Amino acid sequence: MPERPLLEICDLVVRYGPHTVLNGASLKASRAERIALLGPSGSGKTTLLRSINGFVPAACGSVRVDGVEVTSLRGQHLRALRSRVGVVSQRHDLIEMLLAYQNVMAGALGRWSNWRALRFLLYPRASELEEARSALRRVDLEHKLRARTARLSGGEHQRIAIARALVQNPLLLLADEPIASLDPELSEQTLALLCGLAHESGVTLICTLHQPLLAERFFDRILELRNGRIEAERNGNGSRAGRESGLALARGQA
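Numbering (the numbering used here), first residue to last: 356 to 609.
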């Protein structure tokens with residue numbers, strides 16, 4: 356019996372007022388698969404990602420994550436789903452006045468009470484600091500544990516956002532143009548790190564990009580979104596060996 360896809364989107368339609376952004380979009384993603392989503396600006400890539408964790412309502416169609424229908428979830432059930440879906444965006448949404456470890460542990464808010472979150476900001480426990488340290492170690496920023504986020508570079512911001520997503524222990528990781536504001540060298544390093552960590556953790560990764568060559572290099576499968584639906588698909592070169600060497604490249608070992 357074939358394994359159930361971790362993510363299954365079927366005939367998804369999303370409208371903003373009179374404008375149809377997604378018009379029958381469908382895709383399936385297996386566990387631990389890395390998928391690049393290409394398409395011109397305005398093609399609906401971000402909308403598709405936001406529909407996966409229920410931030411965009413569907414006019415019709417289906418979105419299932421690990422067998423759960425997302426479009427019908429509300430309240431605590433929707434929050435529970437979002438706690439298992441990590442997000443890394445081009446804006447990275449960090450709070451610059453906080454220290455690096457505080458931004459990283461924002462990934463734990465979905466499993467913490469409001470009281471625990473407040474206590475953490477004032478009096479972090481040793482176990483919580485160690486969890487943040489471990490996540491930062493995986494992105495080679497352990498030495499920035501107590502650094503003020505505002506003083507870090509754009510590439511370091513993106514690595515902190517990746518560490519924050521890892522703290523969620525996600526089933527699924529959504530990366531929305533994570534290299535849009537980075538130079539070519541940092542772009543390659545960031546994608547190598549992101550894909551390598553997803554492989555290492557067994558996490559399904561879906562990443563929107565504008566760079567076909569990087570998509571072919573780092574991802575298992577490449578989908579092209581046009582006219583509100585997936586209109587083309589091809590395999591990438593994201594072999595296991597390539598992902599492992601990608602981690603070495605990102606960490607300065609290649």
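Cβ atoms here follow ideal geometry from the backbone N, Cα and C, with glycine treated the same way.
None of these values were measured; they are calculated from a predicted model.
In the DSSP assignment, Y371 forms a beta bridge with H374. In the DSSP assignment, the residues bridged to G441 are L528.
Apart from sequence neighbours up to five positions away, the residues of its chain that approach G593 with a beta-carbon distance below 7 Å are R389, C550, F573, F574, D575, ordered along the chain.
Annotation for A414: V368, V369, R370 place their beta carbon closer than 7 Å to its own, counting only its chain and skipping 5 residues before and after. In this structure, DSSP gives S417 an extended state, which the three-state scheme calls strand. Residue range 584 to 590 is occupied by the beta strand (DSSP E) that includes N590. The Cβ neighbour count for E483, taken over all protein chains shown within 10 Å, is at least 16; the residue is labelled buried. In the DSSP assignment, V423 forms a beta bridge with V420. Sequence-distant partners of L541 (beyond 5 residues in either direction) whose C-beta falls short of 6 Å from its own C-beta, in its chain, are G510. Contact holds between the stretch 492 to 509 and the stretch 450 to 465, because three or more Cβ pairs, one in each stretch, are under 8 Å apart. Residue pairing by DSSP puts A380 in a beta bridge opposite L367. Non-local C-beta neighbours of I364 in its own chain, meaning closer than 8 Å and more than five positions away in sequence, comprise A380, S381, L382, K383, L403, S406, I407, G416, S417, V418, R419, ordered along the chain. For L560, same chain residues with a beta-carbon under 6 Å away, outside a window of 5 residues either side, are R389, L528, A553 in chain order. In chain order, F475 place their CB closer than 8 Å to the CB of W467, counting only its own chain and leaving out the 5 sequence neighbours on each side. Collapsing the DSSP output to three states places I577 in a strand.
Around the Cβ of P533, a 10 Å sphere holds 16 or more other Cβ atoms; the residue is buried. Excluding the 5 residues flanking it on each side, L496 has same chain C-beta neighbours closer than 8 Å at A455, E511, R514, I515, A518, in chain order. DSSP places A391 in the strand class (E or B) of the three-state scheme. In the DSSP assignment, L564 is bridged to L393. Judged by beta-carbon spacing, G462 lies within the 8 Å limit of A520, meaning their Cβ atoms are closer than that value. Leaving aside the five residues that flank L537 on each side, the residues in its chain whose CB is nearer than 8 Å to its CB run, in chain order, G509, G510, Q513, T545.
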